[in-house]
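Chemist: Sharing a structure with you now.
Numbering (the UniProt record's numbering), first residue to last: 1 to 323.
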């Protein structure tokens with residue numbers, strides 16, 4: 001009776017045999033790319049980042065150290081003088097800049113709480129299952145796709161104290177119809193905050209909806225079994241589950257509100273007086289209208305430092321506290 005013996009399978013060329021006939025982890029395979037592949041995929045973003053962020057950032061610092069006027073051939077080096085002028089009460093840049101910073105802070109304080117809380121409540125409602133849910137999501141998000149020019153011009157006419165539709169509707173309802181929405185305080189700030197909330201509430205709501213979708217439904221079911229109220233589920237499940245999303249929304253909303261320009265420029269034109277003339281408006285006017293780009297660059301970096309500090313405070317206040 002012939003006896004046949006199985007011949008061991010030889011490993012492919014270039015592979016190191018291991019006990020049990022398996023190839024070692026260190027063996028190369030045709031599906032693995034070069035170690036430079038990740039950098040190749042990152043290169044388009046790196047190119048855009050260097051071109052439009054890094055280089056302008058460094059150039060802006062360089063400009064802020066000069067008396068930089070586009071119309072003059074010489075741009076003398078002045079060192080930190082442009083920054084020192086912002087701290088000197090006798091400097092012509094001192095009062096306009098800090099008035100603009102004050103107006104910016106007022107708008108942030110007025111608008112951010114509404115832009116954080118109202119979208120959260122709206123997202124919780126839109127996260128429930130009911131007929132037409134997708135339609136209402138689209139309706140609330142729709143204003144965000146409009147440009148600031150469209151929003152500003154539309155609300156400028158709607159809020160006009162003389163012939164605006166808002167006062168007209170209030171008069172038809174028997175309410176005061178002579179409110180100076182854009183020419184008196186505090187109505188000007190109320191108008192700017194309300195328009196901004198109407199315009200951007202849908203964006204933050206969509207961000208919250210994405211975060212709510214990641215919270216396991218089992219957590220809410222367990223809470224209902226334990227007899228938790230709606231407030232308790234919001235406090236102990238929803239808010240902790242949305243902590244990363246909440247940090248993102250708060251930080252981006254503060255930055256967006258601090259950079260408010262179009263609404264004030266188009267609706268109130270910085271008035272009444274200069275009460276709604278934000279820091280960005282002052283920087284833009286100084287740099288692009290008066291061609292004093294050195295002073296404008298210094299103002300922009302001072303504003304950037306303040307926003308960076310505020311962002312760090314937000315990260316610290318909203319961080320997950322270890323027990």
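Every residue gets a Cβ at the ideal spot worked out from N, C-alpha and C, and that includes glycine.
Could you have a look at residue 77 and say whether DSSP puts it in helix, strand or coil?
Modeler: It is a strand residue.
Chemist: Would you say residue 189 and residue 159 are within 7 Å of each other, going by their C-beta atoms?
Modeler: no
Chemist: Short check: CB of residue 121 to CB of residue 208, under 7 Å?
Modeler: no
Chemist: Check each candidate in 99, 75, 74 and name the one with the smallest Cα separation from residue 86.
Modeler: 99
Chemist: Do residue 202 and residue 245 count as a contact pair if the criterion is CB distance below 7 Å?
Modeler: no
Chemist: Would you decide whether residue 74 is buried or exposed? Buried here means 16 or more other CB atoms lie within 10 Å of its CB.
Modeler: exposed
Chemist: Ordered along the chain, which non-local residues of its own chain (more than five positions away) have a Cβ less than 8 Å from that of residue 232?
Modeler: 223
Chemist: For the structure I just gave you, are there three or more beta carbon pairs, one from the segment 272-280 and one from the segment 123-135, closer than 8 Å?
Modeler: no
Chemist: Could you check whether residue 307 and residue 242 sit closer than 7 Å to each other, using their CB atoms as the reference points?
Modeler: no
Chemist: Am I right that residue 64 and residue 301 are in contact with their C-beta atoms under 8 Å? What's the rounded C-beta distance?
Modeler: 6 Å
Chemist: State the CB to CB distance for the pair residue 116 and residue 250, rounded to an integer number of angstroms; the pair is presumed to be in contact (CB under 8 Å).
Modeler: 6 Å
Chemist: Buried or exposed for residue 49, going by 16 or more other Cβ atoms inside 10 Å?
Modeler: exposed
Chemist: Let me know if residue 199 comes out buried or exposed under the rule of 16 or more other beta-carbons within 10 Å of its beta-carbon.
Modeler: Looking at its Cβ environment, which holds 16 or more other Cβ atoms inside 10 Å, residue 199 is buried.
Chemist: Do residue 287 and residue 281 have their CB atoms nearer than 7 Å?
Modeler: no
Chemist: Tell me whether residue 26 is buried or exposed, calling it buried when 16 or more other Cβ atoms sit within 10 Å of its Cβ.
Modeler: With a pLDDT of only 46 at residue 26, under the threshold of 50, the placement of this residue in the model should not be trusted, and no figure is reported.
Chemist: With distances taken from CA atoms, which of 106, 313, 315 is nearest residue 193?
Modeler: 106
Chemist: Do you know how far the Cα of residue 53 is from the Cα of residue 167?
Modeler: 44 Å
Chemist: Along the chain, where does the alpha helix (DSSP H) that runs through residue 247 open and close?
Modeler: 243-258
Chemist: Rounded to the nearest angstrom, how far is the Cβ of residue 278 from that of residue 103, given a contact under 8 Å?
Modeler: 5 Å
Chemist: Any idea which residues DSSP pairs residue 66 with across the strands?
Modeler: 77
Chemist: Based on Cα-Cα distance, which residue from 265, 62, 71 lies nearest to residue 77?
Modeler: Per the Cα distances, 62.
Chemist: What separation, rounded to the nearest whole angstrom, lies between the Cα atoms of residue 259 and residue 43?
Modeler: 30 Å
Chemist: Quick one: what does DSSP say residue 305 is sitting in, helix, strand or coil?
Modeler: It is helical.
Chemist: Can you give the Cα-Cα distance for residue 108 and residue 267, rounded to whole angstroms?
Modeler: C-alpha of residue 108 to C-alpha of residue 267: approximately 17 Å in a straight line.
Chemist: How is residue 282 classed by DSSP in three states: helix, strand or coil?
Modeler: helix
Chemist: What is the DSSP secondary structure of residue 4, counted as helix, strand or coil?
Modeler: Here residue 4 scores only 48 on pLDDT, less than 50, and its place in the model should not be relied on; the value that follows carries that caveat. Of the three classes helix, strand and coil, the one that applies to residue 4 here is coil, per DSSP.
Chemist: Whole angstroms are fine: how far does the CA of residue 248 sit from the CA of residue 284?
Modeler: 27 Å
Chemist: According to DSSP, is residue 235 part of a helix, a strand, or is it coil?
Modeler: helix
Chemist: Residue 115 lies in the alpha helix (DSSP H); which residues open and close that run?
Modeler: Start and end: 94-126.
Chemist: Within the segment 156-244, note down every full beta strand (DSSP E) run reaching 3 residues or more, in order along the chain.
Modeler: none
Chemist: When the Cα atoms are used, what is the spatial distance from residue 196 to residue 216?
Modeler: Those two C-alpha atoms are separated by around 32 Å.
Chemist: Shortest alpha-carbon distance to residue 261 belongs to which of 151, 38, 187?
Modeler: 151
Chemist: For residue 263, count neighbouring Cβ atoms within 10 angstroms of its own Cβ and tell me buried if that reaches 16, exposed if not.
Modeler: Per the 10 Å Cβ criterion, buried.
Chemist: Rounded to whole angstroms, what is the Cα-Cα separation between residue 84 and residue 257?
Modeler: 27 Å
Chemist: Roughly how many whole angstroms lie between the Cα atoms of residue 289 and residue 46?
Modeler: Computed Cα separation, rounded: 33 Å.
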